[in-house]
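Below: the structure, in structure tokens.
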Amino acid sequence: MAEENNIALKNSSDQNGDVQISPRVLEIIASIAAVQVKGVNSMRGSLATSVNELFGRKEFGKGIKLNFDNDKLIVDVYVYLNYGVSVPKVALNIQEQVKQQLLFMTELNLGEVNVHVEGIVPEKTDDKFDSNNLFDDNDSNNKGEQ
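Each residue of the sequence shown is one higher than the one before, counting from 0 in numbering that gives the first Met the number 0.
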């Protein structure tokens, strides 16, 4: 028995029956498509998804919100980007990738794909720890020594 909130595909033939897709599947498709865009660091998640990922359970579909307006699907994508990327260029790439993947996998035409940049993630710095020189102060090279 199908749920009422599933999306029925209009291109499915009546002879074989109906094809219905759960909104959760659309969220997963959109999330994976967005993460694959170069410059995207991660998707916005909730506390529950963060805790699940700490225990090794990968959460797909986070950072995606679906709305229906006049039979048009509106997708909101919430992302964190890498530092130094062109935000408008990455946002356009996300929009194109999400539209393309949803059309390819479900044959649904989207009304809108809205990209919300939640933050910028800076690069990690490699501070090398030298166990041989625990008390060496790099800023005071040869100061005070004669």
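Ideal Cβ positions, reconstructed from N, Cα and C, are used throughout, including at glycine.
Treat the numbers as computed from the prediction; the structure is a model and nothing was measured.
N- and C-terminal bounds of the alpha helix (DSSP H) containing residue i
i, result
"Lys98", "Val86 to Thr105"
"Leu25", "Pro22 to Val34"
Where residue i sits in the DSSP three-state scheme
i, result
"Gln14", "coil"
"Asp68", "strand"
"Asn108", "coil"
"Gly118", "strand"
"Ala47", "Below a pLDDT of 50, predicted positions are generally treated as unreliable, and Ala47, at 46, falls in that range; no measurement from the model is reported."
"Leu80", "strand"
Residues that DSSP places opposite residue i in a beta bridge
i, result
"Asn113", "Asp75"
Per-residue burial, residue i [other beta carbons within 10 Å of its own, 16 or more giving buried]
i, result
"Ala32", "buried"
"Met104", "exposed"
"Val39", "buried"
"Ala7", "exposed"
"Gln14", "exposed"
"Gln94", "buried"
"Gly16", "exposed"
"Gly118", "exposed"
"Gln83", "The sequence given here has Gly at residue 83, not Gln. With fewer than 16 Cβ atoms within 10 Å of its Cβ, Gly83 is classed as exposed."
"Val114", "buried"
"Lys123", "exposed"
"Lys61", "buried"
"Val36", "buried"
For residue j and residue i, believed in contact at Cβ under 8 Å, the rounded distance
i, j, result
"Tyr79", "Val120", "5 Å"
"Val74", "Leu107", "Contact doesn't hold; Cβ gap of about 10 Å is too wide."
"Gln112", "Val97", "Before going on, a small fix: residue 112 reads as Val here, not Gln. Yes, they are in contact, since the Cβ atoms of Val112 and Val97 sit about 5 Å apart, within 8 Å."
"Leu101", "Ala29", "6 Å"
"Asn4", "Ile20", "Incorrect: roughly 11 Å between the Cβ atoms, too far for contact."
Residue span of the beta strand (DSSP E) that contains residue i, given as start and end
i, result
"Asn40", "Val39 to Met42"
Residue i Cβ short of 6 Å to the ligand ZN heavy atom set
i, result
"Ala29", "Among the components of this structure there are no ligands whatsoever, and the ligand ZN is therefore not found."
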